[in-house]
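What follows is a short report on a single structure.
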Amino acid sequence: MKREGEGVIFKYTLSGEGRFNYGGRTHKVGRGKAFFAIVPGRHRYYYDPSSEEPWEFIWIRLAGIQAMALWQEWLESEEAVAEFSAESETIAKLVSFYESAAAGTLGDMWDISVRLYEWLLTVLKRRTVGGMPRRVIPDEYTRVTAWIEDHFMEDVALDRLAEMAGVTKHHFCKKFFEFYYTTPIQYVRKRRIEEAALLLHQSRIPIKDIAVRCGFIDLGYFGKVFHGIIGVSPSEYRRSGVMEFGGTLKLL
1 MKREGEGVIF KYTLSGEGRF NYGGRTHKVG RGKAFFAIVP GRHRYYYDPS
51 SEEPWEFIWI RLAGIQAMAL WQEWLESEEA VAEFSAESET IAKLVSFYES
101 AAAGTLGDMW DISVRLYEWL LTVLKRRTVG GMPRRVIPDE YTRVTAWIED
151 HFMEDVALDR LAEMAGVTKH HFCKKFFEFY YTTPIQYVRK RRIEEAALLL
201 HQSRIPIKDI AVRCGFIDLG YFGKVFHGII GVSPSEYRRS GVMEFGGTLK
251 LL
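Here the numbering used here is used: position 121 in the sequence shown is 121, and no number is missing along the way.
If you want it as structure tokens, here you go:
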């Protein structure tokens with residue numbers, strides 16, 4: 001499986017132990033433990049040669065807007081490394097997926113999409129049923145994101161966002177990442193792509209007009225950003241006629 005481009009990796013330890021460095025801390029990933037990691041991202045996972053036995057794991061890489069949403073949901077409800085029973089629905093479906101891939105019996109792209117969707121639901125179910133409560137975000141930062149919701153199609157300046165929060169740009173960017181796991185500018189960009197995906201699916205508005213409506217003056221740049229986040233071009237997405245997760249695309 002390729003790891004180029006944007007995406008999310010879920011890695012589960014079958015035996016042995018690995019290391020996962022995230023947020024300035026190094027976590028042990030022993031048997032029965034797993035983590036999500038965005039790629040590329042500010043983290044590192046590796047095998048410690050001093051370990052007593054090899055690190056055996058199973059992993060899956062997901063791309064697209066819902067994969068990114070899942071990663072953020074995970075960070076809001078779990079520790080960096082979480083424990084899963086080998087008999088849990090999440091791991092059982094992942095192992096079944098792997099065995100089908102190894103045997104060459106995965107089926108066509110629609111069969112694969114359905115199985116991926118079912119697997120994602122097991123992770124979301126875990127969050128809903130037993131996840132940790134969301135962290136509290138200060139009012140000054142929720143006001144900023146509320147403002148972005150109404151003005152993301154405009155020319156959004158970092159200076160103005162920091163001023164709204166009442167802090168310096170450096171402090172604003174640092175705290176914003178702590179609360180939303182992305183930079184302010186990336187947040188705006190992803191919100192624009194959410195809106196663009198919705199318009200591509202629900203309207204026949206020309207793509208160049210959708211780009212402008214969502215804050216992208218340059219059509220080529222819009223296509224590059226859209227492909228980087230969703231995994232296909234705007235025209236390919238429109239032709240597919242498929243809307244993920246029951247008609248809504250959430251990245252933030």
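No residue lacks a Cβ here, since even glycine has one placed at the ideal position from N, Cα and C.
Remember, predicted model here, so these are calculated numbers, not experimental data.
Rounded to whole angstroms, what is the Cα-Cα separation between residue i and residue j?
{"i": "Val212", "j": "Leu219", "result": "8 Å"}
{"i": "Cys173", "j": "Asp108", "result": "43 Å"}
{"i": "Val144", "j": "Phe226", "result": "24 Å"}
{"i": "Arg31", "j": "Gly223", "result": "42 Å"}
{"i": "Ser233", "j": "Val8", "result": "19 Å"}
{"i": "Glu236", "j": "Asp150", "result": "28 Å"}
{"i": "Ser50", "j": "Ala34", "result": "20 Å"}
{"i": "Asp48", "j": "Tyr98", "result": "25 Å"}
{"i": "Lys175", "j": "Ser240", "result": "38 Å"}
{"i": "Thr26", "j": "Gly18", "result": "10 Å"}
Considering Cα atoms alone, identify which of the options is closest to residue i.
{"i": "Arg42", "options": "His201, Thr122, Thr183", "result": "Thr183"}
{"i": "Ser100", "options": "Leu116, Leu124, Glu163, Lys175", "result": "Leu116"}
{"i": "Lys28", "options": "Leu121, Lys190, Val81", "result": "Val81"}
{"i": "Glu154", "options": "Ile185, Ala102, Phe176, Lys175", "result": "Ile185"}
{"i": "Glu195", "options": "Gly215, Ala102, Trp110", "result": "Gly215"}
{"i": "Gly24", "options": "Glu140, Trp119, Pro40, Arg44", "result": "Arg44"}
{"i": "Gly142", "options": "Pro206, Ala162, Tyr221", "result": "Checking the sequence, you will find Thr at residue 142 rather than Gly. The option with the nearest alpha carbon to Thr142 is Ala162."}
{"i": "Tyr187", "options": "Val95, Asp139, Ile148", "result": "Ile148"}
With DSSP as the reference, identify every bridge partner of residue i, one or two as the case may be.
{"i": "Gly18", "result": "Val29"}
{"i": "Glu236", "result": "Answer is none; Glu236 lacks a bridge partner."}
{"i": "Thr168", "result": "None; Thr168 has no bridge partner."}
Against chain D, does residue i count as a neighbour if the rule is that its beta carbon must be under 7 Å from one of theirs?
{"i": "Ile217", "result": "The displayed structure is made up of one protein chain only, and chain D is not part of it."}
I'd like the ranges of any alpha helix (DSSP H) spanning at least 4 consecutive residues and lying wholly in the segment 80-163. Entirely contained in the segment 80-163, the alpha helix (DSSP H) runs reaching 4 residues are, in chain order, 89-103, 109-130, 139-151.
Next on the checklist: Give the list of continuous beta strand (DSSP E) stretches no shorter than 3 residues that lie fully inside the segment 188-214.
Outcome noted: none
Flag this pair as touching only if the segment 51-66 and the segment 12-28 have three or more C-beta atom pairs under 8 Å; answer yes or no. yes
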